[in-house]
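K.L.:
Protein chains in written order, with the working numbering: chain A, 81 to 349; chain B, 215 to 548; chain C, 84 to 432.
We put the CB at the ideal spot given by N, CA and C, even for glycine.
1. Excluding sequence positions up to five away, which residues of its chain have a Cβ less than 7 Å from the Cβ of residue 234 (chain A)?
2. So what's residue 414 (chain C) in DSSP terms, helix, strand or just coil?
3. Of all Cβ atoms in chain A, is any one closer than 8 Å to the Cβ of residue 291 (chain C)?
4. Tell me whether residue 270 (chain C) is buried or exposed, calling it buried when 16 or more other Cβ atoms sit within 10 Å of its Cβ.
5. First and last residue of the alpha helix (DSSP H) that includes residue 520 (chain B)?
6. Using only alpha-carbon positions, find the residue among B:300, B:420, B:522 that is nearest to residue 497 (chain B).
7. Tell me, please, whether the CB atom of residue 140 (chain C) is closer than 8 Å to any CB atom in chain B?
8. Tell me which residues share the same chain as residue 216 (chain C) and place their Cβ nearer than 6 Å to its Cβ, disregarding the 5 neighbours each side in the sequence.
9. Taking residue 535 (chain B) as part of the alpha helix (DSSP H), name the residues at either end of that continuous run.
10. Measuring only the C-alpha atoms, how far is residue 66 (chain C) from residue 283 (chain C)?
11. I want to see whether chain A comes within less than 8 Å of residue 272 (chain C), judged by CB atoms only; does it?
12. Let me confirm a value: residue 217 (chain A) is counted as buried when at least 16 other C-beta atoms fall within 10 Å, else exposed. Which label applies?
13. I'd like to know whether the C-beta of residue 235 (chain C) is nearer than 8 Å to at least one C-beta of chain A.
14. Answer yes or no: does any C-beta atom of chain B fall closer than 8 Å to that of residue 243 (chain C)?
15. Just list the beta strand (DSSP E) runs in the segment 283-347 of chain B, keeping only unbroken ones of 3 residues or longer that don't cross its boundaries, in chain order.
16. Tell me which residue opens and which closes the alpha helix (DSSP H) that residue 344 (chain A) is part of.
17. Could you tell me the alpha carbon to alpha carbon distance between residue 111 (chain A) and residue 85 (chain A), rounded to whole angstroms?
18. Any beta carbon from chain A within less than 8 Å of residue 108 (chain C)'s own beta carbon?
19. If you draw a straight line from the alpha carbon of residue 340 (chain B) to that of residue 332 (chain B), how long is it in whole angstroms?
20. Quick one: residues in its chain with C-beta nearer than 7 Å to the C-beta of residue 322 (chain C), no 5 flanking neighbours on either side, listed in chain order?
21. Within this structure, are the beta carbons of residue 491 (chain B) and residue 462 (chain B) separated by less than 8 Å?
22. Residue 433 (chain C) versus chain A: which residues are under 9 Å apart at the beta carbon?
23. By Cβ distance, which residues of its chain are closer than 7 Å to residue 385 (chain B), with the 5 residues on each side in sequence left out?
24. Mind checking which residues open and close the alpha helix (DSSP H) that includes residue 418 (chain B)?
25. Alpha carbon to alpha carbon, what distance is there between residue 273 (chain B) and residue 398 (chain B)?
26. Helix or strand or just coil, what does DSSP make of residue 300 (chain A)?
27. Considering just the uninterrupted stretch of the alpha helix (DSSP H) at residue 250 (chain C), what are its terminal residues?
28. In whole angstroms, give me the CA-to-CA distance for residue 389 (chain B) and residue 320 (chain B).
29. Could you please tell me which residues of the segment 175-201 of chain A, in chain order, have their CB closer than 8 Å to any CB of chain C?
30. Measuring only between beta-carbons, confirm whether residue 419 (chain B) sits less than 8 Å from chain C.
31. Would you call the segment 418-433 of chain B and the segment 447-463 of chain B in contact, with 3 or more CB pairs under 8 Å?
32. Contact between the segment 187-203 of chain A and the segment 168-176 of chain A is defined here as three or more beta-carbon pairs at a separation below 8 Å; is this criterion met?
33. In the DSSP output, what is residue 238 (chain A) paired with across the bridge?
34. The beta strand (DSSP E) with residue 292 (chain A) in it runs from where to where?
35. Just the Cα atoms here: how many angstroms apart are residue 227 (chain A) and residue 359 (chain C)?
36. Using beta carbons (cut-off 8 Å, strictly below), is residue 136 (chain C) in contact with chain A?
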């Protein structure tokens, strides 16, 4: 792991309702330059974990530190300069335009209109900038929310948290977004992204945290954590690992290293 | 808010809800215990009356006929009912159970547009008591209700007096009341006070329009309403209207101690500084009377109070006009 | 990104659209301001006599105009602020029980009218109690709906609805047990009438307080834009959500309380004006608050003028119609007119 942790979570418990813990004894470090994927079955606490990392949920026990300071010690505007967040969905009750939604990315920071245009262009929504956000398709909305985070983080952000950001996107945008996240990580950003698809996780992650029933059952480099036996036990169905077929005719030397990573698939017996 | 609730949670919720419902029901039942003393003993002989009056106008008449001890039940908001008398209903509904428990001999009410409730009539037939309804809106209505209409209009109801077998006393009372009012009217007819504004409310300013009972009383007392004919019965005015009307006298009538003003606020203060003639000449008066809006045998008293306010220089004459007179047949009137 | 993504159909130049939007907003706000001016002039000219009034009458009309402007602006902004707080375009001061709380306070003061209370102000006890009533509801709703100091919008909405219902029941009860004449006055007041006896000082204080509240709301406009998104989103964008919700709640409460103090409970303005302005210039809150204040002021002053004109010219001698009735008659059709394209164009999904 390179560099000091941007986010540190120490021994955190969290419950929405008393006696019903959603997160238990969570500890870990998020380091810059690495893309961390959070995996786990439904209801295991992935979204809660993201929100606890973000600071919008306060743990019942333990603490979360951003750049060494506990969340409580941060002023909201300062925090926004370092950490950005992409939710899975967003449904504002009012008819904001796509551009207005992206613009809010720098609510607490100095605005930069050309950067808004760039962010919109990056997700190919510059044509739809004036359209109402809620009129976009689900996938387009997710792209707009990503654009907002891009706009916010371009002002010097250190970490980006994403909760299932590609769940509604089409194949092109799934890979375009994850590839962009890899680029950002390579540029020094710490990225934490919740994903459902194991193969996507295998392809793009540097590190993986595997959650089950509120606990981290495994944390570390993707190749260590994504073990078929462990995955099968966590997900409750047989999971097999498939090595990519080497294409003899592949003369593209620039084929990504990540494209050669294994796939994971479920097999009912 | 997504919480997983088990069946145990549901059961606990249901039990709590049920407990709340039971508590609320018993609380509501206990609230229906009424004020007032338990009913007096059964009639102690032929002729003893047990009167229930749901019309405050009639209650006032009963008091003036000396029948206070025979009133066993009244309406809930009756301002003149004797203390401790049981409430058996209000303007909108009758508490039949309470009414029945009192074993009345006579029931008086103000039936309104819907008429005497059939259930009351049925109860009257069953229990053998008399029901009499009077719609008392004007001065004449009140006196007719007391002593019986002079002109029989189809099936005219006998007056309160006739119903109770006190024809003579009722007629004397009606005559005395009308006499006092007429004497007062004669007193004021000479030079009536023009441009009188009568208010029954301050927030918002609510005036008494022509054609209402209070307007009649004011006319009898020697005043003339500043509002023109055709105005609504109780119109709401704004200050600009009041200023434009330029009343010479403003009467603020409280029929009960209410929210409009309290004793410490001189009425003149609220209209100050607007150039209203009544204010400038100090002729803004408050009239407090429990029965100011009640057409009944109390009318002379109310008219007298208003007359004194309108004609302070004639106070003595007003008193004289209202003093009881000897009846032509020699029997001392009220 | 090296390969080109699939394109969707859309409009052209983004910044040109933004400029057009800003220009339209300006035009609408100017038009609304002109409407307010027009209504104000009409209010001064219309009365027992048409035309520029003599000094004393002018004073009276100016006071009524001041009340109308204050109440209209305060109610409309209170509605807009609550809609942002609750993230719900159907929120209004009525929903949270603020108006019914003020009414209850007013009625209770009248019911327990104690000599000596009125020493506070010339017409004081009842109006002060109205103010206190609205604030009390605010505190109760806040206390019940907050968790660890955080206001939860859904909880506020639900508890506000319950408190409103309870207030309504209490109001009915007080009206029932009140002596008949007092009840009549209470019923009338509840329909919404400008207070004839509000002193210039009182009006000035409420106007100043309202102006402060509206000013703070305008300053918080961008914050409100963020706050309509989810709590975690707002948090991540750098908004102090907890503090903002408290401030918005207090502002809405004070604006409503002041308005009830001056004119009794008036409905519809807080719901409709922000809606209409939003349909005209979009949801951004900074111009929305300004526009709502203008629209509300214009609506109330116009309604007051219409009432006076009707009772003087159309039905001489008739009673003054309560203003709450007219705001519904004017606001309803206007609202429908603006909403119709949306409503008629809808299809079931």
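P.N.:
On the basis of the coordinates in this document:
1. One-based indexing of the first chain puts residue 234 (chain A) at position 154. Once the five neighbours on either side are set aside, the close Cβ partners of residue 234 (chain A) are 195.
2. Here residue 414 (chain C) refers to the residue found at position 331 when the third chain is read from its first residue. In the structure shown, residue 414 (chain C) sits in a helix (DSSP, three-state: H, G or I).
3. Along the third chain, read from residue 1 onward, the residue named residue 291 (chain C) stands at position 208. Not one chain A Cβ lies under 8 Å of residue 291 (chain C).
4. Locating residue 270 (chain C) in the third chain gives position 187, counting from the first residue. So residue 270 (chain C) counts as exposed.
5. On the second chain, position 306 is the one that residue 520 (chain B) refers to. Counting along the chain, the alpha helix (DSSP H) containing residue 520 (chain B) begins and ends at 513-524.
6. Indexing the second chain from 1 puts residue 497 (chain B) at position 283. Among B:300, B:420, B:522, the Cα nearest to that of residue 497 (chain B) is on B:522.
7. Within the third chain, the letter at position 57 stands for residue 140 (chain C). Chain B, which has a Cβ nearer than 8 Å to the Cβ of residue 140 (chain C), makes this yes.
8. Translated into positions along the third chain, residue 216 (chain C) becomes position 133. Taken in chain order, the residues that qualify are 184, 185, 187, 188.
9. Looking up residue 535 (chain B) in the second chain gives position 321. Unbroken alpha helix (DSSP H) run through residue 535 (chain B): 529-536.
10. Residue 66 (chain C) lies beyond the residue range present for chain C, which begins at 84 and ends at 432; the question has no answer from this structure.
11. Working through the third chain from its first residue, we reach residue 272 (chain C) at position 189. So, not an interface residue.
12. Translated into the one-based positions of the first chain, residue 217 (chain A) becomes position 137. It is exposed - the Cβ of residue 217 (chain A) has fewer than 16 other Cβ atoms within 10 Å.
13. By one-based count along the third chain, residue 235 (chain C) stands at place 152. No, no contact with chain A.
14. Counted from its first residue, the third chain places residue 243 (chain C) at position 160. Output row for residue 243 (chain C): interface = no.
15. 285-288, 320-323, 344-347
16. Within the first chain, the letter at position 264 stands for residue 344 (chain A). No alpha helix (DSSP H) holds residue 344 (chain A); the beta strand (DSSP E) holding it covers 343-346.
17. Within the first chain, residue 111 (chain A) is the residue found at index 31, counting from 1. Within the first chain, residue 85 (chain A) is the residue found at index 5, counting from 1. Approximately 4 Å, taken between the alpha carbons.
18. Numbered from 1 along the third chain, position 25 holds the residue referred to as residue 108 (chain C). It does not: the Cβ of residue 108 (chain C) has no partner Cβ on chain A nearer than 8 Å.
19. For the purposes of this step, residue 340 (chain B) is taken as the residue at position 126 of the second chain. For the purposes of this step, residue 332 (chain B) is taken as the residue at position 118 of the second chain. Going by the C-alpha atoms only, they are around 12 Å apart.
20. In the third chain, counting from the first residue as 1, residue 322 (chain C) sits at position 239. Correct list, in chain order: 306, 309, 310.
21. Counted from its first residue, the second chain places residue 491 (chain B) at position 277. Counted from its first residue, the second chain places residue 462 (chain B) at position 248. Against a cut-off of 8 Å, the Cβ pair of residue 462 (chain B) and residue 491 (chain B) comes out as a contact.
22. For chain C, the structure presents residues 84 to 432; residue 433 (chain C) sits outside this window and is missing.
23. As a first step, residue 385 (chain B) must be located in the second chain, where it is residue number 171. Cβ neighbours of residue 385 (chain B) beyond the five flanking positions: 361, 375.
24. For the purposes of this step, residue 418 (chain B) is identified with residue 204 of the second chain, where counting begins at 1. Unbroken run through residue 418 (chain B): none, as it is neither H nor E.
25. The count along the second chain starts at 1 and reaches residue 398 (chain B) at position 184. The count along the second chain starts at 1 and reaches residue 273 (chain B) at position 59. Near 24 Å, if we compare the C-alpha coordinates of residue 273 (chain B) and residue 398 (chain B).
26. Sequence index remark: in the first chain, residue 300 (chain A) carries index 220 (1-based). The answer is strand: DSSP assigns residue 300 (chain A) an E or B state.
27. Within the third chain, the letter at position 167 stands for residue 250 (chain C). Note, residue 250 (chain C): alpha helix (DSSP H), 236-260.
28. As a first step, residue 389 (chain B) must be located in the second chain, where it is residue number 175. As a first step, residue 320 (chain B) must be located in the second chain, where it is residue number 106. Rounded to the nearest angstrom, the two C-alpha atoms are 24 Å apart.
29. 175, 176, 177, 179, 180, 184, 185, 187, 188, 189, 193, 197, 200
30. As a first step, residue 419 (chain B) is located in the second chain; it is residue number 205 there, counting from the start. Output row for residue 419 (chain B): interface = yes.
31. yes
32. no
33. Locating residue 238 (chain A) in the first chain gives position 158, where the first residue counts as 1. Answer is none; residue 238 (chain A) lacks a bridge partner.
34. Residue numbering aside, residue 292 (chain A) sits at position 212 when the first chain is read from its first letter. Start and end: 287-292.
35. As a first step, residue 227 (chain A) must be located in the first chain, where it is residue number 147. As a first step, residue 359 (chain C) must be located in the third chain, where it is residue number 276. Going from the Cα of residue 227 (chain A) to the Cα of residue 359 (chain C) covers about 31 Å.
36. Translated into the one-based positions of the third chain, residue 136 (chain C) becomes position 53. No, because no Cβ of chain A sits closer than 8 Å to the Cβ of residue 136 (chain C).
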